[in-house]
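Colleague:
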Amino acid sequence: MKKTDKGSGKKKENFFSSNIKFLRKRKGWTQDDVAVALGMKRSTLSGYENRVAEPPLEVLLAFSEHYRIAVDTLLKVDLSALSESQLSQLERGADVYIRGSGLRVLATTVDPENEENIELVPERAKAGYRTGYADPEFISQLPTFQLPFLSPGRKYRTFQISGDSMLPIPDGAWVTGEYVQDWSTIVSGQGYIIFTMDDGIVFKVVENLIREEHKLRLYSLNPLYEPYDVDVRDIREVWKFVHYISSELPDPVIPENQVMSMLARLKRDVDELKREREGGRTN
Numbered sequence: 003m004k005k006t007d008k009g010s011g012k013k014k015e016n017f018f019s020s021n022i023k024f025l026r027k028r029k030g031w032t033q034d035d036v037a038v039a040l041g042m043k044r045s046t047l048s049g050y051e052n053r054v055a056e057p058p059l060e061v062l063l064a065f066s067e068h069y070r071i072a073v074d075t076l077l078k079v080d081l082s083a084l085s086e087s088q089l090s091q092l093e094r095g096a097d098v099y100i101r102g103s104g105l106r107v108l109a110t111t112v113d114p115e116n117e118e119n120i121e122l123v124p125e126r127a128k129a130g131y132r133t134g135y136a137d138p139e140f141i142s143q144l145p146t147f148q149l150p151f152l153s154p155g156r157k158y159r160t161f162q163i164s165g166d167s168m169l170p171i172p173d174g175a176w177v178t179g180e181y182v183q184d185w186s187t188i189v190s191g192q193g194y195i196i197f198t199m200d201d202g203i204v205f206k207v208v209e210n211l212i213r214e215e216h217k218l219r220l221y222s223l224n225p226l227y228e229p230y231d232v233d234v235r236d237i238r239e240v241w242k243f244v245h246y247i248s249s250e251l252p253d254p255v256i257p258e259n260q261v262m263s264m265l266a267r268l269k270r271d272v273d274e275l276k277r278e279r280e281g282g283r284t285n
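In terms of my numbering, the sequence shown is numbered consecutively and its last residue is 285.
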């Protein structure tokens, strides 16, 4: 089967059939072995290996889980062309599509001096970002600016966040992130902007579970929101939190002694009101 590359008019080779045959033989397994493991007929497996049948999504996911290799890799990478060292790394979990490194070239823009711009993704552009994030033409239409105090040679992008899940960072704040190429470097407990096709752009505190479970666990600063997991195969971009800009002043954090003083004052005011009411009744 062939897959058309959007916008280019060129066809990309799909290596799924040859890859599953290559992996089966590399493991020394028969078609019966794999068919039983995946709960399918041997003739069905043979059809996939010989390009007689096209696998549905659930079958792609089943092969991905069986060989512990990302669907993108099974489809887009000719595994037979890899060196033994590369194959060994792949089988140990160093899948470029799972790690994030080498996933794709980031669409970006530069200024007249060939310095990287910081593209601005406002709230109104978020819907378009889902389909245009990899399109240089779409990215080139975003507003751009520069911040001289950021490290040169690194890639940054600023996203406008919405909602109250990351309070005290307010709704409408502009959050800047540094592009993360290798997702194995994601540090648990730090803030990241995560872009997936399902959830779009979200800003969360991240727990890195890629090595153990091939997923990230996302936490909100607002305790009213429960954490949730995203499969690494659903992630398209990761940006490490650098700073945020907002016109709103965050709510003050009141010291404990000041809170106690306020409560004591409130109690005195209530007691005084009670005395006044009781005095009025007596008169």
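All residues carry an ideal CB built from backbone N, CA and C; glycine is no exception.
All values derive from a computational prediction rather than experimental measurement.
Going straight from the alpha carbon of G104 to that of S263, what length do you get?
Modeller: For the purposes of this step, residue 104 is taken as the residue at position 102 of the sequence shown. For the purposes of this step, residue 263 is taken as the residue at position 261 of the sequence shown. Because G104 carries a pLDDT of 44, less than 50, the predicted location of this residue cannot be relied on, and the following value inherits that uncertainty. Approximately 58 Å, taken between the alpha carbons.
Colleague: Can you give me the Cβ contacts of T178 inside the same chain, cut-off strictly under 6 Å, excluding the 5 residues immediately before and after it?
Modeller: Position 176 of the sequence shown, counted from the first residue, corresponds to residue 178. Excluding sequence neighbours, T178 sits near Y158, T160, V244 and H245.
Colleague: Are there 16 or more other CB atoms within 10 angstroms of the CB of S153, so buried, or fewer, so exposed?
Modeller: Against the sequence shown, residue 153 aligns to sequence position 151. Result: exposed.
Colleague: Relative to the alpha-carbon of T127, which residue among V112, E117, P145 and N116 has its alpha-carbon at the smallest distance?
Modeller: As a first step, residue 127 must be located in the sequence shown, where it is residue number 125. Here residue 127 turns out to be Ala, not Thr, going by the sequence shown. Checked all of V112, E117, P145 and N116; the closest Cα to A127 is P145.
Colleague: Nearest to G202 by alpha carbon, out of P225, I71 and V240?
Modeller: Here residue 202 refers to the residue found at position 200 of the sequence shown. That would be V240, whose Cα lies nearest to the Cα of G202.
Colleague: For G2, report the span of its alpha helix (DSSP H) as first-last.
Modeller: The question about residue 2 has no answer, for the chain in this structure spans 3 to 285.
Colleague: Which runs of the alpha helix (DSSP H) at least 4 residues long sit entirely within the stretch 195-224? Give them in chain order.
Modeller: Entirely contained in the stretch 195-224, the alpha helix (DSSP H) runs reaching 4 residues are, in chain order, 212-215.
Colleague: Any idea which residues DSSP pairs L122 with across the strands?
Modeller: Mapped onto the sequence shown, residue 122 falls at position 120. Note: L122 sits in a beta bridge opposite T160.
Colleague: Taking the alpha-carbon of I212 as reference, which of P225, G193, D113 and T187 has the nearest alpha-carbon?
Modeller: Taking the sequence shown and counting its residues from 1, one reaches residue 212 at position 210. Measuring from the Cα of I212, the nearest candidate turns out to be T187.
Colleague: Could you give the distance in angstroms between the alpha-carbon of N210 and the alpha-carbon of D200?
Modeller: Indexing the sequence shown from 1 puts residue 210 at position 208. Indexing the sequence shown from 1 puts residue 200 at position 198. Whole-angstrom Cα-Cα distance: 19 Å.
Colleague: Looking at C-beta atoms only, is the number of pairs between the stretch 111-127 and the stretch 73-88 that lie closer than 8 Å three or more?
Modeller: No, the stretch 111-127 does not touch the stretch 73-88.
Colleague: Starting from V244, trace the beta strand (DSSP E) in both directions and tell me its first and last residue.
Modeller: What you label residue 244 is simply residue 242 of the sequence shown in a count that begins at 1. Taken as a continuous stretch (DSSP letters only), the beta strand (DSSP E) holding V244 covers I237 to I247.
Colleague: Measure how close the beta-carbons of V207 and L218 come, nearest whole angstrom, since I'm counting them as under 8 Å.
Modeller: Walking along the sequence shown from the start, residue 207 turns up at place 205. Walking along the sequence shown from the start, residue 218 turns up at place 216. Contact flag wrong, Cβ pair sits at about 10 Å.
Colleague: Exposed or buried, K276, counting other C-beta atoms within 10 Å across all chains shown (16 or more means buried)?
Modeller: The residue given as residue 276 occupies position 274 in the sequence shown. By the neighbour-count rule (16 or more Cβ atoms within 10 Å), K276 is not buried but exposed.
Colleague: For K29 and L84, what's the separation of their Cα atoms in angstroms?
Modeller: The count along the sequence shown starts at 1 and reaches residue 29 at position 27. The count along the sequence shown starts at 1 and reaches residue 84 at position 82. So the alpha carbons of these two residues sit roughly 16 Å apart.
Colleague: Are L81 and L25 close, meaning C-beta to C-beta below 8 Å?
Modeller: If you number the sequence shown from 1, residue 81 lands on position 79. If you number the sequence shown from 1, residue 25 lands on position 23. Cβ atoms of L81 and L25: closer than 8 Å.
Colleague: Taking the DSSP output, what are the residues bridged to E180?
Modeller: Sequence index remark: in the sequence shown, residue 180 carries index 178 (1-based). Paired residue(s): Y158 and K242.
Colleague: According to DSSP, simplified to helix, strand and coil, what is D113?
Modeller: Reading the sequence shown from its first residue, position 111 is the one you call residue 113. D113 falls in the coil class under three-state DSSP.
Colleague: Between L62 and the rest of its own chain, which residues show a CB-CB distance below 8 Å, the 5 nearest in sequence each way excluded?
Modeller: For this step, residue 62 is matched to residue 60 along the sequence shown. Hits under 8 Å: F18, V73, L76 and L77.
Colleague: Decide if N119 is buried, meaning its Cβ has at least 16 other Cβ atoms within 10 Å, or exposed.
Modeller: Counting from one through the sequence shown, the residue named residue 119 turns up at place 117. Classification of N119: buried, given that the 10 Å Cβ count is 16 or more.
Colleague: The beta strand (DSSP E) with Y286 in it runs from where to where?
Modeller: One cannot answer for residue 286 here, as it falls past the ends of the chain, which runs 3 to 285.
Colleague: Decide if V182 is buried, meaning its Cβ has at least 16 other Cβ atoms within 10 Å, or exposed.
Modeller: Looking up residue 182 in the sequence shown gives position 180. Classification for V182: buried.
Colleague: What did DSSP end up calling Q192 once you bin it into helix, strand or coil?
Modeller: Reading the sequence shown from its first residue, position 190 is the one you call residue 192. Q192 falls in the strand class under three-state DSSP.
Colleague: Given Y69, which residues of its chain have a CB within under 7 Å of its CB, disregarding the five upstream and five downstream residues?
Modeller: Against the sequence shown, residue 69 aligns to sequence position 67. Result list for Y69: L25, in chain order.
Colleague: Using 8 Å as the threshold, is the C-beta distance between Y135 and A175 below it?
Modeller: Working through the sequence shown from its first residue, we reach residue 135 at position 133. Working through the sequence shown from its first residue, we reach residue 175 at position 173. No, Cβ-Cβ distance for Y135 and A175 is not below 8 Å.
Colleague: Could you tell me if I22 is buried or exposed, where buried requires 16 or more neighbouring beta carbons within 10 angstroms of its beta carbon?
Modeller: For this step, residue 22 is matched to residue 20 along the sequence shown. Result: buried.
Colleague: Would you identify the three-state DSSP class for T32, choosing helix, strand or coil?
Modeller: Within the sequence shown, the letter at position 30 stands for residue 32. Coil at T32, not helix or strand.
Colleague: Starting from F147, follow its DSSP beta bridges and name the residues at the other end.
Modeller: On the sequence shown, residue 147 is found 145 positions in, with the first residue counted as 1. Partner(s): I120.
Colleague: Taking the beta carbon of G193 as the centre, do at least 16 other beta carbons fall within 10 Å, making it buried, or is it exposed?
Modeller: On the sequence shown, residue 193 is found 191 positions in, with the first residue counted as 1. Buried, by the Cβ-count rule.
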